[in-house]
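Residue numbers (my numbering): 1268 to 1648. We put the beta carbon where it would ideally sit given N, CA and C, even for glycine. Following: one structure in structure tokens, then a few remarks.
Right under this line is the structure:
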């Protein structure tokens, strides 16, 4: 057994001995509710996490935001390069959800709003560092932990910081939850949205039906054309998810609109879809069409560097006695931003469980030590 293998197994053993404390921290973080829309709650949680990082020897700072919640940035070590850990503290759950659905530990699972997505990942980050420090295994290179407050709504106020930090590090680990059942994510689709607005001409539906231009009829033609752009083989999907129009059933509608979700595997597909959407033309004589929006979040493409990162993680996990698998997802994360910059990024390093954004959201507690140990082992490299 190599020296590295011995050290990594010591890390896993240490974390398994402290699984109860990891569970206690996760419970506390869930009970500190932090919906994206509530700045005071986010600021309180961010300050608490900065204190936790400082207790582990970090230099921590609060990145103050005027409107969104503040972000937390902690660093261990000096110099350039090193590893960046990305977490988010915001959740999709409103204040008061924990009162309605208190944290429940049952059959080795912890149920609670935000536990899986992604407060379990924050726990893994802090305990990976704790294990490295306690066992005197901290690497010489720098480790940075950035916890933002607005990932669930697109990271509008944190994207610039995420990208700047990524470019100053050699590798990025994203502590989003594992792809069920236990996979790390080596790719994610990029995505965005379009709004298609139609202007027709109103008229009396009984007396002057032939004089009107039905905006909803025109929109129906556009919906069929948009849905037809989906290409499952290329991994491209378009979904007309919201439609509206008209005023009354006895009035030929002059206005109608639709919101369209788009997901792509490559920027080439993004360019193709944007060109096709902009090329849409009215079907009915006299109707006018306006298309706005586009692909906003670039895809996280499985590059050779990302594949190599996963291979390293898989080998480390096997050496420590557990298995991981590789997967991807149609959903986006902050890892999309960093991978698009060419910085090797491995996602899904967080908690194992299921039910993100759902009432059955939960974390499998026995996997917390394993995931934290895997992160610690990757950080040592």
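Item	Value
Residue 1296 versus residue 1370: straight-line alpha-carbon distance, rounded	10 Å
Cβ-based burial, residue 1367 [other Cβ within 10 Å; buried from 16]	exposed
Length at least 4, wholly inside the stretch 1447-1529: the alpha helix (DSSP H) runs in chain order	1482-1494
Under 7 Å between C-beta atoms of residue 1423 and residue 1619	no
C-alpha distance - residue 1568 paired with residue 1595, whole-angstrom precision	10 Å
Endpoints, beta strand (DSSP E) assigned at residue 1561	1555-1564
Distance between beta carbons of residue 1352 and residue 1392, contact taken as under 8 Å	5 Å
Where residue 1273 falls, given that 16 or more other Cβ within 10 Å makes a residue buried	exposed
Any C-beta of chain B under 7 Å from that of residue 1625	The structure shown contains no chain B; it is built from a single protein chain.
Pick from 1497, 1419 and 1519 that is closest to residue 1360, judged by C-alpha positions	1419
DSSP three-state assignment for residue 1571, whether helix, strand or coil	helix
Entirely enclosed beta strand (DSSP E) segments - the stretch 1591-1644, minimum 3 residues	1592-1596 and 1629-1631
Counterpart residues of residue 1391 in DSSP-defined beta bridges	In DSSP, residue 1391 forms no bridge with anything.
Helix, strand or coil at residue 1328 according to DSSP, with G and I counted as helix	strand
Residue 1371, enclosing beta strand (DSSP E) - first and last residue	1371-1373
Contact belief for residue 1640 with residue 1389 at Cβ below 8 Å, rounded distance in angstroms	That pair is no contact at about 16 Å.
Integer-rounded CB distance, given that residue 1329 should sit under 8 Å from residue 1318	The Cβ separation is near 11 Å, so there is no contact.
CB contact flag (residue 1503, residue 1536, <7 Å)	yes
Alpha-carbon to alpha-carbon, residue 1402 and residue 1280	11 Å
Same chain, Cβ closer than 6 Å to residue 1510, five either side skipped, listed in chain order	1525
Integer-rounded CB distance, given that residue 1315 should sit under 8 Å from residue 1299	7 Å
Boundaries of the beta strand (DSSP E) in which residue 1411 is found, first to last residue	1410-1415
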